Structures are given as structure tokens and as C-alpha cells.
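Remarks on the structure that follows.
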Amino acid sequence: MSATVSTHTLSGLDGTHAGGVRVTLTRITSMPEQLFSVETDEGGRLSQQVDLAGADPGDLYELSFATGPYWADRGASPLVQQIALRLHMPDPDGRYHLPVILSPNSSAHWWSR
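Here the numbering used here is used: position 112 in the sequence shown is 116, and no number is missing along the way.
Below is the structure:
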């Protein structure tokens, strides 16, 4: 059983793809367990398979985006250093796509199928 976690990150300042953003998925229910930590590609995308065999459907996960380094590399002085989305992934074979629009001091996100 394998779920797919994906995202598309975009710059809210100029509409470009936000490549090179470190994205980490951690199961935070009971003993925290990091499931992956990778950077978005040049197109601001990532897609990772996550083995949820044996996972409790009620487990809580945190998908975090390290936005501080991304903006610092572009000469901004962001107050927001990280965006964290907490979610359930009840379907062990599900697709969880969470696009994010980033700005130095804000963000917008949603879930799409």
C-alpha cells in the first residue's frame, strides 16, 4: 500500500515556480517519524510515495515547507520561516496533492484530488 503526497509551490510575488524548497513529511502521532525530506524541483513540484501499510487512518501528519531559506536566497527578509500543514491520510492508497502559493510573509494552500 502506497499513498502519493505531492505539491506544487509557486511564488506569490511573481507567479514563478518555487523550486528548491525543502519539504518534509512527518508522522506526528505518538512517536514522531520522518517519512521524507526532499526539495521541490525547478518546476516547484514534488511527488513522493509513502508506505502507509499498517498505519492508523487517524494518524496525524505534518507537511512542512522551509520557506525562510528560499526567500533569503532571493534577497528577502521573511518573517515566516516555515509553513506547516497538518493532515490525515486515511486512504493508504490515496493521492494527497497540496499546492502552496508562497510569499515572504504569507501563504495560501489547498487540497486537491
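Backbone N, C-alpha and C fix where the C-beta goes; we use that ideal spot for every residue, glycine too.
Owing to the predicted nature of the structure, the values given are computational and were not obtained by experimental measurement.
Beta-carbon within less than 6 Å of residue 25's beta-carbon, same chain only, minus the 5 sequence neighbours each way: which residues are those?
The count along the sequence shown starts at 1 and reaches residue 25 at position 21. Taken in chain order, the residues that qualify are 13, 44, 69, 74.
If you reduce the DSSP assignment to three classes, tell me which class residue 76 lands in.
Within the sequence shown, the letter at position 72 stands for residue 76. In the structure shown, residue 76 sits in a helix (DSSP, three-state: H, G or I).
What's the C-alpha gap between residue 57 and residue 108?
Taking the sequence shown and counting its residues from 1, one reaches residue 57 at position 53. Taking the sequence shown and counting its residues from 1, one reaches residue 108 at position 104. Going from the Cα of residue 57 to the Cα of residue 108 covers about 37 Å.
Along the chain, where does the beta strand (DSSP E) that runs through residue 55 open and close?
As a working note, residue 55 is residue 51 in the sequence shown. 49-55 is the extent of the beta strand (DSSP E) around residue 55.
Would you list, in sequence order, the uninterrupted beta strand (DSSP E) runs of no fewer than 3 residues that lie entirely inside the region 67-113?
87-92, 99-101, 104-107, 110-113
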